[in-house]
Amino acid sequence: MNKSRIHIIDSHTGGEPTRIVASGGPDLGRGPLTARRDRLQRQFDHYRSAIVNEPRGSDVMVGALLVEPEDASCVTGVIFFNNVDYLGMCGHGTIGLIVTLAHLGKIKSGDHKIETPVGTITATLHPNGEVSVANVPSWRAKKAVTVNVPGIGPVTGDVAWGGNWFFLVEKHGQELTLANADKLTDFCWRIRQAVNAQGFPEVDHVELFGPPAAPGANSRNFVQCPGKAYDRSPCGTGTSAKLACLAADGKLAEGATWIQESIIGSTFSGKFRWLDRATGKVEPVITGTAFVNAEAILLLNDQDPFCWGIRS
Ligand code: PYC
Numbered sequence: 016m017n018k019s020r021i022h023i024i025d026s027h028t029g030g031e032p033t034r035i036v037a038s039g040g041p042d043l044g045r046g047p048l049t050a051r052r053d054r055l056q057r058q059f060d061h062y063r064s065a066i067v068n069e070p071r072g073s074d075v076m077v078g079a080l081l082v083e084p085e086d087a088s089c090v091t092g093v094i095f096f097n098n099v100d101y102l103g104m105c106g107h108g109t110i111g112l113i114v115t116l117a118h119l120g121k122i123k124s125g126d127h128k129i130e131t132p133v134g135t136i137t138a139t140l141h142p143n144g145e146v147s148v149a150n151v152p153s154w155r156a157k158k159a160v161t162v163n164v165p166g167i168g169p170v171t172g173d174v175a176w177g178g179n180w181f182f183l184v185e186k187h188g189q190e191l192t193l194a195n196a197d198k199l200t201d202f203c204w205r206i207r208q209a210v211n212a213q214g215f216p217e218v219d220h221v222e223l224f225g226p227p228a229a230p231g232a233n234s235r236n237f238v239q240c241p242g243k244a245y246d247r248s249p250c251g252t253g254t255s256a257k258l259a260c261l262a263a264d265g266k267l268a269e270g271a272t273w274i275q276e277s278i279i280g281s282t283f284s285g286k287f288r289w290l291d292r293a294t295g296k297v298e299p300v301i302t303g304t305a306f307v308n309a310e311a312i313l314l315l316n317d318q319d320p321f322c323w324g325i326r327s
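Start counting at 1 in the sequence shown, then tack on 15, and there's your number in this note's numbering.
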């Protein structure tokens, strides 16, 4: 019997899980992270499924494979993935990654550069345990796009990049409560199909906004991830896309704080700095906390018919 072993460390960031692959993942060689992400997808996608899908994981789990960075000044490179595909960046996952590296004794408080397939970011571990992520440049690509959603009618939102592509909707008539999650899931999925069909095939996250419940928060969101699960955290890349839209609309000043609440009541704080007013590009900085909650060895037994996960 052939059993390979993968060392994983689980954490959650505002309720959203991250599974860091510390060792035992496939060897992707060297070179740009985009090429290594493509290699993972083409040749080793069964590892993604084995690590995050059932029976070891769940639709909510985000995986993160640590790889040697190209730039030696970076603490690591990372490729994020989920139940269906690969993510460009992941904000909650980066906060989980930093807390995990500290748990492993690999970093101390201070700034740490990390390579991702969509650019290098800087994460700061604060002495109080909070983590700030200075994300990749973010911007709004299109304001007020109206799509006709079958079974719903016209829905208007902005298309924005925050390390992943989002469709951000303010006016939707939905109640953003956890009890309503199934309905919100169906609602967002229909919107995504319509947005993809109507000229934005790259959009794979849908984000609804509504009034906050948490004291001091500016807004609550419901974020649907590419594989239909909803983000339990306020979504770092989604909050980055939101900050880009707020900046473009002049609704939030450079350096001012925005508190984004998730559907389960956890919060991130965000700020931005202008990179280029002409193109609307900002550098968002997202701050949150994560907790390591498991450390384990995954056993890949080639006699197990579901060794590589249940794939849809
Ligand atoms: O925090 O950026 C994020 C994220 C993306 C998907 C799930 N979480």
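Note that CB positions come from ideal geometry on N, CA and C, so glycine has one too. All of these numbers come straight from a predicted model, not from anything done at the bench.
For this session: Please specify which runs of the beta strand (DSSP E), each continuous and at least 3 residues long, are wholly inside the segment 228 to 254, giving them in chain order.
Result: 234 to 239
Problem set entry | Simplified DSSP assignment, three categories, for Thr200 | If DSSP states are grouped into helix, strand and coil, Thr200 belongs with the helices.
For this session: Could you spell out the range, first to last residue, of the alpha helix (DSSP H) harbouring Arg54?
Result: 48 to 58
For this session: Note the first and the last residue of the continuous beta strand (DSSP E) segment covering Leu191.
Result: Per DSSP, Leu191 belongs to no beta strand (DSSP E) and is neither H nor E.
Problem set entry | Between the CA atoms of Cys203 and Val164 - distance to the nearest angstrom | 10 Å
Exercise. If you compare alpha carbons, which of Thr254, Gly39, Thr137, Ser124 is closest to Val82?
Worked result: Among Thr254, Gly39, Thr137, Ser124, the Cα nearest to that of Val82 belongs to Gly39.
Exercise. Around the Cβ of Arg288, are there at least 16 other Cβ atoms within 10 angstroms (buried) or fewer (exposed)?
Worked result: exposed
For this session: Report the three-state DSSP secondary structure of Ala209 (helix, strand or coil).
Result: helix
Problem set entry | Nearest neighbour of Ile325, chosen from Ser19, Ile21, Ser73 [CA to CA] | Ser73
For this session: In angstroms with no decimal places, state the Cα-to-Cα distance between Ala37 and His22.
Result: The straight-line gap from Cα to Cα measures roughly 6 Å.
Problem set entry | Residues bridged to Val162 [DSSP beta-bridge criterion] | Val170
Exercise. Between His107 and Thr28, which are expected to be in contact by the criterion C-beta below 8 Å, what is the C-beta distance as a whole number of angstroms?
Worked result: 4 Å
Problem set entry | Contained beta strand (DSSP E) runs [length at least 3] in the segment 63 to 137, N- to C-terminal order | 77 to 82, 89 to 96, 125 to 131
For this session: Determine the extent of the beta strand (DSSP E) in which Thr272 is found, giving its start and end residues.
Result: No beta strand (DSSP E) contains Thr272, which DSSP labels as neither H nor E.
For this session: Report the three-state DSSP secondary structure of Ala256 (helix, strand or coil).
Result: In this structure, Ala256 counts as helix in the three-state DSSP scheme.
Problem set entry | Pair within 9 Å by beta-carbon distance, Asn316 and Gln275 | no
For this session: Would you kindly work out how many angstroms separate the C-alpha atoms of Phe59 and Thr49, rounded to a whole number?
Result: 15 Å
Exercise. Looking only at its own chain, which residues have a Cβ that is under 7 Å from the Cβ of Val133, when we skip the five neighbours before and after it?
Worked result: Gly103, Met104, Val151, Gly178
Exercise. So, Phe215 versus Trp176, is the Cβ gap smaller than 9 Å?
Worked result: no
Problem set entry | Contact set for Thr135: own chain, Cβ-Cβ below 6 Å, skip 5 residues either direction | Lys128
For this session: Determine the closest residue to His220 out of Ala159, Ala232, Thr200, Gly231, with distance taken between C-alpha atoms.
Result: Closest option to His220, judged by alpha-carbon separation, among Ala159, Ala232, Thr200, Gly231: Thr200.
For this session: To the nearest angstrom, report how far apart Lys266 and Ser284 are at their CA atoms.
Result: Distance between Lys266 and Ser284, taken at the CA atoms: about 16 Å.
Exercise. Whose C-alpha, out of Lys198, Ile312, Lys257, is nearest the C-alpha of Gly295?
Worked result: Lys257
Exercise. Going along the chain, which residues of its own chain have a beta-carbon closer than 6 Å to the beta-carbon of Ala259, five neighbours each way excluded?
Worked result: Ser153, Trp154, Arg155, Ala175, Val297
Exercise. For Cys322, which residues from the same chain have a beta carbon less than 6 Å from its beta carbon, with the 5 sequence-adjacent residues on both sides left out?
Worked result: Taken in chain order, the residues that qualify are Leu315, Asn316.
For this session: Find the nearest neighbour of Thr131 within the set Gly120, Thr115, Ala149, judged by alpha-carbon distance.
Result: With respect to the C-alpha of Thr131, the residue from Gly120, Thr115, Ala149 having the closest C-alpha is Ala149.
Exercise. Would Gly44 pass as a contact of Val146 if the rule is Cβ separation under 9 Å?
Worked result: No; because the gap between Cβ atoms is not below 9 Å, this pair is not in contact.
Problem set entry | Where Ala311 falls: helix, strand or coil (DSSP) | strand
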